[in-house]
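Here is the structure we will look at, set down as structure tokens.
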Amino acid sequence: MRMMIGKPFGGRFLVMVALMLVCAFITTAPAFAQSGTGEAVSNELLSVSIDENSTLPTVLLKTQRPVGYKYTVYDSSDPVRVVIDLPGMDVKKMNSPVAAGKGPLDKIQISSYELKSGKLGRVELLLSAEADYVVSLSGNDFRLTFTDAPGEGAQVGTAPMATPEGAEVAQVKEVAQVKEMPEGGPGRVARRVESVQALGDRTVLNTDGRIDKFRYFRLGAPPRLVVDIYDVQPAFPERSFAASSGFGGVRLGIYEDKTRFVFDAEGPKLPQFTVGKEGRAVVVALGDQKQGAQFVPSTPAGPPATVEAVDFQTENGRSVLNIVIDGDFKVIDPVSDGDVVRFGVGNAAISRALRRTIDASAFPSAVRLVTPYVAGGGGSPEVRFAVELKGPVPFTLEREGNSLIFAVKDGAFAEPAPEPEARQRVTVVPAEKPVVERPAPASAVVASTYAPASAYGPQVIGSADQQRPYGGERITLVFDNADIRMILQLIAEVSDLNIIAGDGIQGTVTLRLIDVPLDQALDLIMDIKGLGMLWEGNVVRILPKETIRSMRQAELTAVKEERELEPLETEIVSVSYTGLGNVAGPARELLTERGKLTEDSRNKQLIVTDIRSALDDVKNLVSILDTPERQVIIEARIVEADSNFSRRMGVNWGLSYGDDACSPWDLSSGDASGGGSFSIAPALGSPGLGTSFTFGRLGIDSTVLDLRISALEESGNGKIVSTPRVSTLNGEQATISQGTKIPYTSSGADGLPKTEFVDANLQLDVTPVINPDDSVILDILATNSSPSVTEGASQPSIDTKEAKTKVLVRDGETTVIGGIFVESEDRVEAGIPLLRHLPILGHLFKSSTKTDNRSELLIFITPRIVQ
């Protein structure tokens, strides 16, 4: 786990700026204020003014007591300004803003913050443009001077740096010296590297002339030695060589002003070595420095050195801050002030790009913050580093070549991040509006383990338009104008993802995401920067979407070219159930430009010629389409309901001859006899009621005149039920028919009589169509034909009742068709001739019959799908 701020040395040196917090002016100052002792206000700001006695634009702060080490100076943007934070400083007597208008200065703002550790006084110098500056302290005076050019400090007189009482000073160990000095003497200056030779325990870098300047330093993770020879270029094309024992090899990198030689360690650490100049060569030899070549130690005299990179990493329970410096420099001993350790580099300068705070509070490290800043001391510029620790831990400061290494033992702070209940949250304190009684922010990046890192899994490229659940770790990101590659590196560190960022990923991003899932944060960042991701095993490649599209297009082009070169094969595909035309059309769509399909109708086969992948696609399609047709059982119940009504009324006269034994005038006995044919006696079993009464008898012999009154009423309901069943294929018509053929005689063309037939049937035509959800569409035609009598016609007439419809029913449900009615009415009158026509009395000699017929056709249909 490492964080780096810097520029690359070249070759394969990886520069990783994991936490470039441009918004450090919000988070850093309060954090440093927290690191104090928590004491009450101990100093007071008396005045802020422009120093008129200085030739360069200078801001002068006068305080009641010397500031000492209790201050922090850093840059900020939006707006461009320099911020001076003074812990424990009372600024209540100051008026804000203060007019400026000299050089890059626009105005000066003064504000105060109430923190848990006490007061924090803040002085903000608003600038019209970015400018370099140096800080100097003299007694109660605090000066910040803007220089003419970056990297050159103003010659401002300063007091020597005092060591606070009780501070702990670590020992600085000189591990290696840098050989970097101009040399005069005869001979021309070297312009080329002639060869690289591995001679036993020595590696010799031969040039073609006098070497005026070279340097060397160490790098870690992995360990390696770097040797730079200035103003030379290699005279050979090779870029890697064998090295002496103890080194795995030598790699070569070419720059405009130098050639770099990187010696890779053969084991987990570098061996003891010496680096020196021998004639026209630089020699790297194994062994102690005292036994090596004679070196001329560098001195701080001359132009200031330059801080080239700031590298922070954690490994093996230690946090290491590696500061790489180009040029001669001196080390300013570390001073401990509570949880803040300050040290510096004399006669040195640092670019604005490197004056950024490294926030390591979210990592298992004893270091919370690292802040580089510039100051003046002893008449030369200085670069100082303030390292805020999370607690009291031992530390060391060592010099190795051109590297200054600050190491801290993490101890208990190397444990994993706390559970969600104990995690810290980011609190932002805006610089423009002072906030009272608000806890200081601990970090600009806070990760909490709501979900394991393995749960993270982006699934689509540029997924911002799609709403999907996010389940990654929750993370807080607050960045201003930060490098997009560094943001991706930070996400990779927090989530344990293997991320590779392509060369096309460039630019910056400003974001403020508070407690959001890590995968959602990654999706949003990729979406706004037009990026996408490709998963290859457990590695994620992040590239611009245009690059991904180009890669896919190239892959498709390669596949197409490969298909064009693939040999052709022929296969015969049988079709069992469906027609050839149903599968031949879709199959042709799957063929390549060289493919061919022929239909064999006799054997129901397809003859296909194409490459193997296309043949497999055709066979798969045929297996899907060539399936048995589904069947449906149609169950019908056809009901014809008849309703008729008959009424008969009349009088029956009859004459009978009875038994002689009876008295002619005896009305107590006799028999009833029928008179006319119009009377239907009840004994015949006809429905209704038949009664006869004998009103009197005229006794002449045995002749009796009977008067019979008959009343009959008939009504009835009849049903004709048919329940046929039939099976049919899906989409095919099923027909159910039942009836008779009625013969009749007609004349043929030759005039001879011939017999023909006409159908009188009950017929049902049903066409079922099965839907995917197992519902059935029924196309129904029901016809009922019956013969009827038509006077004067030789051919029988047919009465037809028909019902036609289309319905949708579920499997096993029943639909009904009805409402077809036929009505008929018959009236019949019968009686004794002549007498039945007499007025009034004619009703005694006749009877009448009235018949009403009504019928209805009902059809019940139930489809059942054969499974």
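For the sequence shown, this note's numbering assigns the number 7 to the initial residue and increments by one for each residue that follows.
Cβ atoms here follow ideal geometry from the backbone N, Cα and C, with glycine treated the same way.
Taken atom to atom, the span from the alpha-carbon of L205 to that of K283 is near 16 angstroms. Contact annotation: the region 235–246 does not touch the region 268–277, with fewer than three C-beta pairs closer than 8 angstroms. E272 sits close to F253, with the two beta carbons spaced by under 7 angstroms.
Ranked by how close their Cα comes to the Cα of G837, the residues N609, E829, H849 and P845 have H849 in first place. The closest CA to that of I338, considering only I329, I871, N544 and V351, is found on V351. Separation of the CB atoms of V389 and A359 is rounded to 13 angstroms, and the pair is thereby denied contact status at 8 angstroms. In this structure, DSSP gives A381 an extended state, which the three-state scheme calls strand. Look at V822 here: in three-state DSSP terms it is strand. One thing to note: S371 has its Cβ within 7 angstroms of the Cβ of S325. By the CB criterion at 7 angstroms, G478 and L524 fall inside the cutoff. Judged by beta-carbon spacing, T209 lies within the 7 angstroms limit of S250, meaning their Cβ atoms are closer than that value. In the DSSP assignment, I630 falls within the alpha helix (DSSP H) that extends over R618 to L631. The alpha-carbon of G825 is positioned some 20 angstroms away from that of E641.
In this structure, the alpha-carbon of V772 lies about 51 angstroms from that of R569. In the three-state reduction of the DSSP assignment, Q512 falls in the coil class. Collapsing the DSSP output to three states places R224 in a strand. Per the coordinates, the alpha-carbon of K760 lies some 53 angstroms from the alpha-carbon of P845. Here R608 is exposed. Its C-beta has fewer than 16 other C-beta atoms within 10 Å. Annotation: R216 to F267 spans about 18 angstroms, alpha carbon to alpha carbon. Listed in chain order, the non-local C-beta contacts of E831 below 8 angstroms within the same chain comprise K856, T857, D858 and N859, local neighbours out to five positions each way being set aside.
Under the DSSP assignment, M539 falls in the beta strand (DSSP E) whose first and last residues are L537 to E542. The shortest CA-to-CA distance from L631 to any of T604, E605 and V589 is the one to V589. Contact check between the region 97–105 and the region 145–153: fewer than three CB pairs, one atom from each, fall below 8 angstroms, which does not count as touching. Contact between V764 and I748 holds, since their C-beta atoms are separated by about 5 angstroms, short of 8 angstroms.
Rounded to the nearest angstrom, the Cβ distance from L51 to G109 is 22 angstroms, too far for a contact under 8 angstroms. Beyond the five residues adjoining it in sequence on each side, T729 comes within less than 6 angstroms, by CB distance, of R643 in the same chain, given in chain order.
For T153, there is no enclosing alpha helix (DSSP H), since its DSSP letter is neither H nor E. In terms of CA proximity to N504, M539 leads the group F485, M539, K535 and D489.
Counting the other Cβ atoms within 10 Å of the Cβ of I578 gives fewer than 16, which makes it exposed.
Runs of the beta strand (DSSP E) lying entirely within the region 338–393, each at least 3 residues long, are 346–352, 354–356 and 373–383 in chain order. Secondary-structure assignment with DSSP links E284 through a beta bridge to A287. CA-CA distance, S792 to T633, rounds to 43 angstroms. Rounded to whole angstroms, I235 and F220 show a C-alpha spacing of 4 angstroms.
A direct Cα-to-Cα measurement between A560 and I481 gives close to 37 angstroms.
Shown here, R608 sits in coil according to DSSP, grouped into three states, outside any helix or strand. Between P869 and the set G226, I534, V290 and V813, the nearest pair of CA atoms involves V813.
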